[in-house]
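First comes the structure, then the notes that go with it.
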């Protein structure tokens with residue numbers, strides 16, 4: 001291939017291009033053309049070819065390159081003699097030859113790959129053509145078979161119609177009259193047999209009704225087992241290390257005394273890292289537990305900090321009730337209730353009925369009633385909500401009426417369905433049962449409350465006795481708070497220092513002890529402790545600080 005266009009070589013510097021001589025370039029170009037020329041004989045370089053191009057001394061300023069252009073032909077003079085070309089020895093660069101061989105080998109390999117792919121494509125096209133031909137033949141056969149089947153169906157229909165016409169002409173009845181006659185005959189024969197079977201099943205159910213009821217109840221009671229743990233008089237907290245125990249006690253026991261005074265509970269510490277919070281009042285005990293957990297996390301345990309956290313925790317009682325209500329609802333599978341109603345459910349944890357924790361009783365009743373509802377194909381959602389709300393009236397303390405009436409009024413305010421309200425209103429048989437769901441709610445409540453060990457009067461009497469002691473002490477003027485400890489054997493009374501002075505405090509303790517002896521009807525010794533604490537504080541603003549004193553300190 002002859003080079004007809006100009007060869008362009010990139011250079012990195014104009015100075016280097018100018019230094020290249022024309023003769024050196026012509027020699028290089030001759031060798032290059034010898035390697036890649038198709039018409040030239042290998043190893044021979046013609047003199048004419050070697051002089052076809054000359055270097056143009058001008059440079060391309062835009063691209064920083066030198067442009068070589070073909071040399072203008074010069075006509076030889078008539079007197080000039082033709083000079084015979086002398087073959088020059090071929091000089092081949094080994095690197096260029098190696099690159100050329102590699103390119104040739106790569107081209108051969110690509111050509112082989114293309115031929116292989118071409119053969120594969122041809123083979124696939126042939127396979128597709130064979131499949132297409134097979135499918136066309138199959139479709140043609142199916143069409144023929146379908147036409148044959150349609151003809152046979154038409155023949156069968158025609159035969160059936162002719163046979164039916166013959167039967168109608170022979171019997172004198174059409175199809176509808178024949179069906180009616182046949183059904184009436186069968187019903188007459190089967191009615192006596194059906195009646196007999198129904199009576200047999202009735203007798204069997206009557207004889208086995210007690211057994212079936214026992215099976216259903218025993219199966220439902222197994223679902224009443226819950227993981228909900230109710231705390232009756234003691235809550236337990238595990239300390240992370242022994243150092244915290246020392247901080248809780250404080251120097252000469254001042255921290256633990258301040259905690260018991262502020263919360264109205266009793267702390268019991270032993271050699272282990274467990275602290276027991278004892279109080280008959282579950283609300284008071286929960287506030288003390290949460291306050292103690294905050295103190296342990298904070299690490300700054302001192303009387304002032306204790307009082308601040310107790311006040312803060314009491315202010316967060318709504319949040320505590322909401323969290324407890326959510327736990328109970330999740331335990332029984334109820335969601336999306338109004339927030340205020342969830343708070344009322346949260347009060348279950350702090351309410352006891354005949355010694356049975358109301359939260360635990362409600363969870364058990366719901367699970368038992370729901371299990372029965374599944375067995376009897378009743379409305380599960382109505383039974384679930386009815387059992388959850390059946391004792392909600394017991395946590396309403398600011399209104400008069402029975403817990404059934406209060407519960408019904410509360411549910412009507414939240415626009416609950418009439419079926420749920422009836423289940424709550426009828427769970428003590430105050431009204432006749434209006435549905436199967438009401439009966440199941442009643443059974444769940446009765447099964448949870450009547451099981452052995454669920455309720456015990458001793459605990460209920462104990463709570464009433466402790467409440468009576470505190471109410472007697474609170475009846476005296478000047479008393480701000482009362483806390484009964486040690487099953488009522490110790491009573492701590494805190495008075496307002498502006499109303500009761502030191503002398504009156506001594507008299508007050510004696511009066512409270514005498515009244516307890518008369519009204520509480522408590523056997524044994526009762527220790528009454530009256531605490532009168534006066535605190536004063538002053539505040540100074542920064543503008544009144546003695547600046548000279550500050551300078552002297554510096």
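Residue numbers (the working numbering): 1 to 554.
No residue lacks a Cβ here, since even glycine has one placed at the ideal position from N, Cα and C.
Around the beta carbon of residue 304, a 10 Å sphere encloses fewer than 16 other beta carbons of the protein chains shown; the residue is thus reported as exposed. Residue 244 is positioned such that its CB atom lies closer than 9 Å to that of residue 296.
With the rule of 3 Cβ pairs closer than 8 Å, the stretch 360-377 does not count as touching the stretch 460-474. Between residue 408 and residue 370, the C-beta gap is not smaller than 9 Å, which leaves the two residues out of contact.
Contact annotation: residue 424 and residue 411 have beta-carbon atoms nearer than 9 Å.
The continuous stretches of alpha helix (DSSP H) do not include residue 276, which lies in the beta strand (DSSP E) extending over residues 274-278.
Secondary-structure assignment with DSSP links residue 267 through a beta bridge to 277. Taking C-beta atoms under 8 Å as the contact rule, residue 341 and residue 414 qualify, at a distance of about 6 Å.
It is roughly 20 Å from the alpha-carbon of residue 432 to the alpha-carbon of residue 392.
Secondary structure at residue 490: strand, using DSSP grouped into helix, strand and coil.
Short of 8 Å from the beta carbon of residue 404, and not among the five residues preceding or following it, lie these beta carbons of its own chain, in chain order: 393, 424, 425, 427, 428, 430. The C-alpha of residue 294 lies about 39 Å from the C-alpha of residue 514. Going by beta carbons, residue 310 and residue 285 fall outside the 9 Å limit. Put simply, the backbone Cα of residue 141 is about 19 Å away from that of residue 153. When the Cα atoms are used, residue 440 and residue 287 turn out to be separated by approximately 36 Å. Per DSSP, the beta bridge partners of residue 352 are 357. Here residue 491 is near residue 473, since their CB atoms are less than 9 Å apart. Taking each of 485, 289, 419, 356 in turn and checking the Cα distance to residue 379, the smallest one comes out for 419. The C-alpha of residue 540 is placed about 31 Å away from the C-alpha of residue 291. By the Cβ neighbour-count rule, residue 159 is exposed, with fewer than 16 other Cβ atoms within 10 Å of its own.
Per DSSP, reduced to three states, the secondary structure at residue 484 is strand.
Each residue's CA atom was taken as its position, placing residue 273 and residue 530 some 32 Å apart.
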